[in-house]
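Chemist: Residue numbers (my numbering): 100 to 322.
The C-beta atom is built at its ideal place from N, Cα and C for all residues, glycine as well.
#1: Could you check the C-alpha separation between residue 300 and residue 310 for me, to the nearest Å?
#2: Apart from the five residues on each side of it in sequence, which residues of its chain come closer than 7 Å, Cβ to Cβ, to residue 122?
#3: Tell me, which residues are paired with residue 287 by DSSP?
#4: Ordered along the chain, which non-local residues of its own chain (more than five positions away) have a Cβ less than 7 Å from that of residue 280?
#5: Name the DSSP beta bridge partners of residue 196, please?
#6: Is residue 277 near residue 306, with beta carbons less than 8 Å apart?
#7: Pull up the distance between the alpha-carbon of residue 284 and that of residue 176, whole angstroms please.
#8: Can you tell which of 113, 120 and 126 has its C-alpha closest to the C-alpha of residue 103?
#9: Ordered along the chain, which non-local residues of its own chain (more than five positions away) have a Cβ less than 8 Å from that of residue 286?
#10: How far does the beta strand (DSSP E) with residue 105 in it extend, from its first residue to its last?
#11: Which residues does DSSP list as the beta-bridge partners of residue 129?
#12: Looking only at C-alpha atoms, which of 227, 242, 216 and 233 sits nearest to residue 137?
#13: Buried or exposed, going by whether 16 or more other CB atoms sit within 10 Å of the CB of residue 313?
#14: Check for me: the alpha helix (DSSP H) holding residue 171 runs from which residue to which?
#15: DSSP three-state call for residue 148: helix, strand or coil?
#16: For residue 154, which residues does DSSP report across the bridge?
#17: Should residue 187 be labelled buried (16 or more other beta-carbon atoms within 10 Å of its own) or exposed?
#18: Quick one: using the 10 Å Cβ neighbour count with 16 as the cut-off for buried, is residue 230 buried or exposed?
#19: Considering just the uninterrupted stretch of the beta strand (DSSP E) at residue 321, what are its terminal residues?
#20: Per DSSP, what kind of secondary structure is residue 303 in: helix, strand or coil?
#21: Determine the closest residue to residue 268 out of 256, 234, 282 and 303, with distance taken between C-alpha atoms.
#22: Assuming residue 219 is part of the alpha helix (DSSP H), what are its boundary residues?
#23: Does the segment 212-225 come within contact of the segment 160-175, defined as at least 3 CB pairs closer than 8 Å?
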């Protein structure tokens, strides 16, 4: 039997059946979640029928409250979190992940200002003790992108880069993610967050990679 496709799943916001159905119907080899998961239970329980094929990054809404955080940063699911690393799937495809969003309190590249903090540790040092979450930054900023995370990822090589934020082709995207994709040598980027799937093919040659968005609770199939 031919191996099934890779599924890229747009922001589920707590709804899972469309993902489970697509994975089972296509016999998917891997199921990649693009953030804003918001599971009501730990993620591995929500996706138990297909969990052995699931990989994910977090989105901004996954730090809206302690319940979301606990179900996404649950110790039983950490080995499936792609943020800040590259994983080679059994089929040989190398997938890299960058979860979260840019925020002005830390780094918002469109402002063309220097980052206020390079990493979470620097930020935590100036975060009032009563505002810290698990001894670090405020809960919200656990889904904030820090410059050092991007720099570390840029030292790695991959075939596909998944992000929550959109790269530069999108009106609400970031050129910094184009640079990251090129430094990593990827052939494709896939993002969530914007709840759309704009045709960016006219930009691919200039960018040096293909770019795709996946809509709200959408599923993109890649053979």
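Modeler: So, to answer that:
#1: Their backbone Cα atoms lie some 7 Å apart in a straight line.
#2: Hits under 7 Å: 106, 130, 149 and 152.
#3: Its beta-bridge partners are 259 and 309.
#4: Cβ neighbours of residue 280 within its own chain (closer than 7 Å, five residues either side excluded): 260, 266, 288 and 308.
#5: Per the DSSP secondary-structure output, residue 196 pairs in a beta bridge with 182 and 261.
#6: Yes. Within cutoff.
#7: Residue 284 and residue 176 have their alpha carbons spaced roughly 28 Å apart.
#8: The shortest Cα separation from residue 103 among 113, 120 and 126 belongs to 126.
#9: Same-chain partners within the cutoff: 258, 259, 308 and 309.
#10: Per DSSP, residue 105 belongs to the beta strand (DSSP E) from 105-108.
#11: 105, per the DSSP bridge assignment.
#12: For residue 137, the nearest C-alpha among the options comes from 242.
#13: Buried: at least 16 other Cβ atoms inside 10 Å.
#14: Start and end: 165-171.
#15: It is helical.
#16: BP columns for residue 154 point to 131.
#17: Exposed is the call here.
#18: With a threshold of 16 other beta carbon atoms within 10 Å, residue 230 falls short and is exposed.
#19: 318-321 is the span of the beta strand (DSSP E), which, as asked, contains residue 321.
#20: Helix.
#21: When only C-alpha atoms are compared, the closest one is 303.
#22: First-last of the alpha helix (DSSP H) with residue 219: 219-224.
#23: Two segments are said to touch when three or more pairs of C-beta atoms, one from each, lie closer than 8 Å; by this definition the segment 212-225 does not touch the segment 160-175.
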